[in-house]
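**Student:** Per my numbering, the sequence shown starts with residue 13, numbered consecutively.
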Amino acid sequence: MRQPVVAFLLACCCAFGASARDFNIHCNSNLVAYWGQNSLGATNPGENQLPLDEYCDKEIGDVLILSFLSEFNADGLHPPTLNLANACLTTYENSTLLHCPNIGRAIDKCQKKGKAVILSLGGASGVYGFNDDIQAERYADEIWDMFLGGYSHTRPFDATVLDGIDLDIEGGSSV
Numbered sequence: 013m014r015q016p017v018v019a020f021l022l023a024c025c026c027a028f029g030a031s032a033r034d035f036n037i038h039c040n041s042n043l044v045a046y047w048g049q050n051s052l053g054a055t056n057p058g059e060n061q062l063p064l065d066e067y068c069d070k071e072i073g074d075v076l077i078l079s080f081l082s083e084f085n086a087d088g089l090h091p092p093t094l095n096l097a098n099a100c101l102t103t104y105e106n107s108t109l110l111h112c113p114n115i116g117r118a119i120d121k122c123q124k125k126g127k128a129v130i131l132s133l134g135g136a137s138g139v140y141g142f143n144d145d146i147q148a149e150r151y152a153d154e155i156w157d158m159f160l161g162g163y164s165h166t167r168p169f170d171a172t173v174l175d176g177i178d179l180d181i182e183g184g185s186s187v
């Protein structure tokens, strides 16, 4: 029953391996930071996370993980649910899919500074899983088209191409 998840993982790994920036897996000083859930605001009321590109300007890390694409909605009937807390609230017309061109520009700026920017799928309260291999492969294609090197009319970060995908499957899977 794990085959759908493996098929999805393989598709995502191929995408990440082709475009990683200055991240060096053999280096012992790489720093990875999650961004997008306004953790600062949760622990310090009245304060909010900085815009993504400000973290790149401050040299916070080598890899920045956008968190989270929290609901897969792999049925093909609804778009995936992207949750970036208060960083983006605009959606495409007649859709629940976030449209965040400002974050796209920030990602581009970070990538020009040699940072890898990837998207985390899942999270502690995510809703995810696949019914079969075909559904997993279709979903991998959808993620490729929306966030990586493919094409879609609805790309949350416009033409920006992320460097890869992080699988944060904390709650397990029904498959």
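Each residue gets a CB set at the ideal place from its N, CA and C atoms; glycine is no exception.
Just so it is clear, the structure is predicted and the values come from calculations on it, not from any experiment.
Apart from the five residues just before and just after L101, which ones in its own chain have a Cβ nearer than 8 Å to its Cβ?
**Tutor:** L110
**Student:** In three-state DSSP terms, what is T55?
**Tutor:** Helix at T55.
**Student:** Which residues in the same chain as I181 place their Cβ atom closer than 7 Å to its Cβ, once the five residues preceding and following it in sequence are excluded?
**Tutor:** G134, Y140
**Student:** Please determine if the region 66-85 and the region 42-49 are in contact, where contact requires at least 3 C-beta pairs separated by less than 8 Å.
**Tutor:** Touching, yes.
**Student:** With distances taken from CA atoms, which of F84, A99, A136, H90 is nearest A61?
**Tutor:** According to the sequence as given, residue 61 is Gln; it is not Ala. Checked all of F84, A99, A136, H90; the closest Cα to Q61 is A99.
**Student:** Quick check on G138: buried or exposed, where buried means 16 or more other Cβ atoms within 10 Å of its Cβ?
**Tutor:** buried
**Student:** Using the Cβ count rule (16 or more neighbours within 10 Å means buried), how would you classify P92?
**Tutor:** buried
**Student:** With a threshold of 16 other CB atoms inside 10 Å of the CB of A171, please say whether the residue is buried or exposed.
**Tutor:** exposed
**Student:** Span of the beta strand (DSSP E) holding F80?
**Tutor:** Element bounds for F80: 75-83.
**Student:** Under a three-way DSSP split, which group does L110 fall into?
**Tutor:** Strand.
**Student:** Our contact map puts K121 next to D65 with C-beta atoms below 8 Å; I'd like the distance itself, whole angstroms only.
**Tutor:** 5 Å
**Student:** Could you check the C-alpha separation between D157 and N50 for me, to the nearest Å?
**Tutor:** 27 Å
**Student:** Within 10 angstroms of the Cβ of Q144, are there 16 or more other Cβ atoms? Answer buried if so, exposed if not.
**Tutor:** The question names Gln, but residue 144 is Asp in the sequence shown. Per the 10 Å Cβ criterion, exposed.
**Student:** Just verifying my parser: in three-state terms, what is the DSSP assignment at V18?
**Tutor:** Residue confidence is low: V18 scores 41 on pLDDT, short of 50, so the model does not pin down where it sits. Its coordinate-derived value is still stated next. The three-state reading of DSSP puts V18 in helix, counting H, G and I together.
**Student:** Could you check which residue in A128, C112, D69 has the C-alpha nearest to that of P168?
**Tutor:** C112
**Student:** Leaving out the 5 sequence neighbours to the left and right, which residues in its chain are closer than 6 Å to E83 when beta-carbon positions are compared?
**Tutor:** T93, V139
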